[in-house]
Amino acid sequence: DTTTTADMGRGALVILALLGASSALSPSTYLTPGDKERLKLVLDPAWSLSDLAQVLYASAGYKHLGQEIPNIEGVCNFVKSSATDGATVETLFLASSAGKALGCPIAASSASVQAVSDAIREGASSQELFHAVTAAANLGVDLDTAKVLRATQMALKKDDSVLSLGYAFHVGAQLKGEVGSIFERIEDAIVQADEVDGRILQFEGGLSITALVLSGAYKLAETTNKVPPIKPDQAVKFANYLMSRKSVQLSKGVYYLLEAVSMFTNNKFHVPVAITLASNVAVSAEAPNIQVRVTDLEGYSLGPLKVTADSATRVSDEVVIISKEPLVPLSAADGVYELDVMSRGPHRGFYRLVVSVDASDSRLVGHTDAQLTFKVLTAIDIQGVEIGTADSDQSTAPNLQKVTYPNTLPEVLVADQHQRVMLRFLVRDTASGRPTEVHQAFVKITHIESKREIIFVAETDSNDIYKFDIDVSSSMKEFGGVSGVYSIELIIGDASISNPTLWHIADLSLTFPESTIPSSPQDYTYKVRPEIHHVFRSPDPRPSTVMSTTFTVLCILPLFLLLLIWVKLGVNISNFPLTLSAVLFHIGLAGILALFCLFWLQLDMFSTLRYLLMVGIVTFFCGNSMLSNIATKRKEQEVKMVYGPYYNKSYRFSQQQQN
């Protein structure tokens, strides 16, 4: 049978699943030099000096990355010019923080000191207090710890969300004295973290809130000299989340990411260990060693460590080939350790390596049972290759000829609809000398003239011998009934072999009945296809200018007729009420008519409706008021005509009261 796309890709899918699978809790990545360069490029647009917040993110980010800031004098001048008298507390926070990161601190003026002091008050939010306290610390302004604590407690009573708690932690970390009341709230924040797949912890709101809370919690813990209520496995899960977000594309996200990663590499309590592969994922006789890198999240070495391979297990059958084997540190690369795998004589395939680090530093977390996946590559040899033809009715023995790799059968095989084409071969592992199966064993038959390809699958029997056998008559549909010379190629592929093979074994001349031969065989060669010219639907024909002009005149004619009648009859405007409502009503009517004209000429429907709503409301109320006034005056005139001289103001007043 011919293969399908799923058949050809099954092996590749298995490979991807194995390489992607990892149930270890230890961080499986760190900020590589490539990651740091990409994060630097995200920060670079800030040096256009158009936004103070972006300058802060870039300045702090460059400091964490160890990069030299371009035009530092111009950047410092921009930051200092932003912190003028009258600047808001948030601006003072941004400018002073950027100046601190740049190494050009902002001088405190009396106006800035007063602004910061006034911002620390009861009723302020945690974010406002964070800006004020941080600005004060950067400007060297002494604060009343008790006053700040009272304001912070009041802010947390109004809003005790995770974000508010994160700001409060940063506030407490910058105060002198007892801040235990804020430290106790760390646990309240940590329990609100969401766990994903048992490997990741994060706060709702994403990277910025998670990084803000973590950095604030650890800074507050160092200020109070107390261990934060964060378990080591929780710290590792938070670190896994940070590493999953290292592809962030916003400068604010880069700032928070680097702030949290720096905190996780320089605090006194928890330092997550990243255990990753330093070598290629594949080992072979030419490259027998597997190399493991042990670093912090920034990619820096943790010093001399004892690294042990707890086990190396073949994934396919759970056979253990290594147990409790120490890795040897490489002198040429700090933090890299290696293990000779091929000396154990492993079979080809995928292996799961469990690595642990025996660290004397109690801060290190996530350094046990780290799982890495590697594969053992071996070469294969194709032996016992026989190819030939046989009668479909099996009346005679098959005529098979032997071929050795990489030779091609010198003579062309000949077959027609009464015969079968057969191929047999054995794939042997050169390391073990035993027969082996591969993920991909295909026979590709290509029509030499039209380049049409038909791919078949070679299957193994009970003796691990691959066989390919097709009946020419039953395969006529696959070949399209096209006679001619075909090339036969053998394709052998597998993720764990070092020499995948494409071998032209022989040429085959096939003859099909003339009734099945297509009158015009299709050309399957790769070449430029004819250009597709897309033709849009032509617009509907428009009426002539004479007709459109006549229609327009007919539409306007009633208006001119109205004006002529008014002129003939004589327009009496003496009764026009000169009131504000009457004037606005008529202006509104004119505006509505003008709006319809604009809708016809240039406005769209939504814009017209928006303007019509505004004009219509005014016109409605003014028209209602005008009609009410006209009705009242008309009634007064009728009453006056009935009562004549007896009509007076008092009677008119009473009538108005009744109305």
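Letter by letter, the sequence shown follows residues -24 to -1, 1 to 635 of mature numbering (1 follows the signal peptide of the UniProt record, and there is no 0). Even for Gly, the Cβ is constructed at its ideal location relative to N, Cα and C. Keep in mind the model is a prediction, meaning the values are calculated, not measured.
{"Check": "Exposure label - residue 213; buried when at least 16 CB within 10 Å", "Outcome": "buried"}
{"Check": "Residues that DSSP places opposite residue 479 in a beta bridge", "Outcome": "466"}
{"Check": "Start-end ranges of the beta strand (DSSP E) lying completely within the stretch 127 to 178, minimum 3 residues", "Outcome": "170 to 172 and 176 to 178"}
{"Check": "Simplified DSSP state of residue 269, which is helix, strand or coil", "Outcome": "strand"}
{"Check": "Cβ distance (whole Å) where residue 191 is taken to contact residue 228 below 8 Å", "Outcome": "Actually they do not touch by this definition, with Cβ atoms about 14 Å apart."}
{"Check": "Extent of the continuous beta strand (DSSP E) to which residue 423 belongs", "Outcome": "416 to 423"}
{"Check": "Stretch pair the stretch 307 to 320 + the stretch 268 to 275: three plus CB contacts closer than 8 Å", "Outcome": "yes"}
{"Check": "Given 8 Å, three or more beta-carbon pairs between the stretch 467 to 482 and the stretch 381 to 397", "Outcome": "yes"}
{"Check": "Backbone secondary structure at residue 429 - three-state DSSP", "Outcome": "strand"}
{"Check": "Spatial distance of residue 509 from residue 425 (CA atoms)", "Outcome": "30 Å"}
{"Check": "Proximity below 8 Å, CB of residue 326 to CB of residue 472", "Outcome": "yes"}
{"Check": "Within 8 Å, strictly: CB atoms of residue 168 and residue 179", "Outcome": "yes"}
{"Check": "Alpha helix (DSSP H) runs contained entirely in the stretch 203 to 255, provided each spans 4 or more residues", "Outcome": "208 to 220 and 227 to 242"}
{"Check": "Cβ pair count under 8 Å reaching 3, the stretch 409 to 418 against the stretch 438 to 445", "Outcome": "yes"}
{"Check": "Residue environment, residue 133, which counts as buried when at least 16 other CB atoms sit within 10 Å", "Outcome": "exposed"}
{"Check": "Distance, residue 104 Cα to residue -3 Cα", "Outcome": "Model confidence at residue -3 stands at a pLDDT of 41, short of 50, so the residue's coordinates are unreliable; what they give is reported in the following sentence. Their backbone Cα atoms lie some 43 Å apart in a straight line."}
{"Check": "Cβ shell of residue 243 (< 7 Å), same chain only, five flanking positions each side left out", "Outcome": "194 and 198"}
{"Check": "Distance CB(residue 130)-CB(residue 171) smaller than 8 Å", "Outcome": "no"}
{"Check": "Residue burial classification, residue 40 (beta-carbon count within 10 angstroms, cutoff 16)", "Outcome": "buried"}
{"Check": "Buried/exposed call for residue 152, threshold 16 Cβ in 10 Å", "Outcome": "exposed"}
{"Check": "Closest Cα partner of residue 285 within the set 256, 260 and 251", "Outcome": "251"}
{"Check": "Residue from 318, 337 and 389 with nearest C-alpha to residue 640", "Outcome": "An answer regarding residue 640 cannot be provided, because it is not within the stretch -24 to 635 covered by the chain."}
{"Check": "Touching by the beta-carbon criterion (3+ pairs, under 8 Å), the stretch 84 to 95 and the stretch 31 to 49", "Outcome": "no"}
{"Check": "Contact check, residue 247 vs residue 240, beta carbons under 8 Å", "Outcome": "yes"}
{"Check": "DSSP three-state assignment for residue 20, whether helix, strand or coil", "Outcome": "helix"}
{"Check": "Option in 371, 409 and 404 with minimal Cα separation from residue 395", "Outcome": "371"}
{"Check": "Contact under 8 Å by Cβ, residue 448 with residue 393", "Outcome": "yes"}
{"Check": "Three-state secondary structure assigned by DSSP to residue 44", "Outcome": "coil"}
{"Check": "Three-state class that DSSP yields for residue 508 in the structure shown", "Outcome": "coil"}
{"Check": "Assigned secondary structure, residue 603 (DSSP; H/G/I helix, E/B strand, else coil)", "Outcome": "helix"}
{"Check": "For residue 404: DSSP bridge partner residues", "Outcome": "357 and 411"}
{"Check": "At least 3 beta-carbon pairs within less than 8 Å: the stretch 564 to 574 vs the stretch 592 to 603", "Outcome": "yes"}
{"Check": "Chain C within 8 Å of residue 587, Cβ atoms only", "Outcome": "Here chain C cannot be found, since the structure has a single protein chain."}
{"Check": "Coarse secondary structure for residue 317, derived from DSSP in three states", "Outcome": "coil"}
{"Check": "Which listed residue (300, 19, 35 and 211) has its alpha carbon closest to that of residue 72", "Outcome": "35"}
{"Check": "Three-way DSSP call (helix, strand, coil) for residue 375 in this model", "Outcome": "strand"}
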